[in-house]
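Counted from 1, the sequence shown has number 38 at position 38 by the working numbering; the numbering is strictly sequential.
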Amino acid sequence: MSSALLVIGGVAIALVVAVVLGRKPGAPASNTHHVPNLLNRNDFARPEAPWLVAVFTSSTCDTCAGVWERAELLTSDQVATQRIDFQADKALHERYNIDGVPTLVVADADGAVKRGFLGPVTATDLWAAVADEREPGSVPPGCETGDFYDQSS
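Take a look at the structure:
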């Protein structure tokens, strides 16, 4: 009888441990998105331009339109800009593993991505990032850009 009680007690303890461990929350799901670190400049407009600002968007994304409007203003002899809409150019989104929009990248003449932004970006942050890449140190102290992925180091 006592051995039967020991077995029942052991099973009860095992069940309690299983229930407690089952309630433990799992690892959080990843909510990060990919920013490419190298582009083939021949995939984009004006590959001869020293700088490229590429904005990966979707026609179903309201935020994307505002990001593109701000980026397009940077177009110059030195800076090529291009909007890459998911519905119109799914292949480029897939090639560069873009899994969230808007994704904006600032790339140099070799296609090395120097800065990347995910989500909305202010004109001030965008312009400061491009200015600082084109001419390091040109952004005065206190005018640092907001959240971005600095890939220049």
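Each residue gets a CB set at the ideal place from its N, CA and C atoms; glycine is no exception.
Please read all numbers here as calculations on a predicted model, not as lab measurements.
Coarse secondary structure for Phe148, derived from DSSP in three states: Note that Phe148 has pLDDT 47, beneath the 50 cutoff, so the model's placement of it is unreliable and the number below is only indicative. The answer is coil: DSSP assigns Phe148 none of H, G, I, E or B.
Alpha-carbon to alpha-carbon, Ala112 and Asn37: 6 Å
Inter-residue spacing [alpha-carbon to alpha-carbon] between Asp110 and Ala88: 25 Å
Classification of Glu69 by the beta-carbon crowding that lies within 10 angstroms, buried from 16 upward: exposed
Ile84 - partner residues in DSSP beta bridges: Phe56
Assigned exposure category for Ala116 - 16 Cβ within 10 Å defines buried: At residue 116 the sequence reads Gly, which differs from the Ala that was named. Label assigned to Gly116: buried.
Given Val79 as reference, the closest of Arg134, Pro140, Lys90 once Cα atoms are compared: Arg134
Whole-angstrom distance between Thr57 and Arg83, CA atom to CA atom: 7 Å
Proximity winner among Val130, Ala107, Leu73, Pro102, relative to His33 (alpha-carbon distances): Pro102
CB-CB length for Thr81 against Ala71, believed under 8 Å: 5 Å
Euclidean distance between Cα positions of Cys61 and Pro136: 33 Å
Gly119 versus Leu104, Asp108, Val130, residue with shortest Cα-Cα distance: Leu104
Helix, strand or coil at Leu118 according to DSSP, with G and I counted as helix: strand
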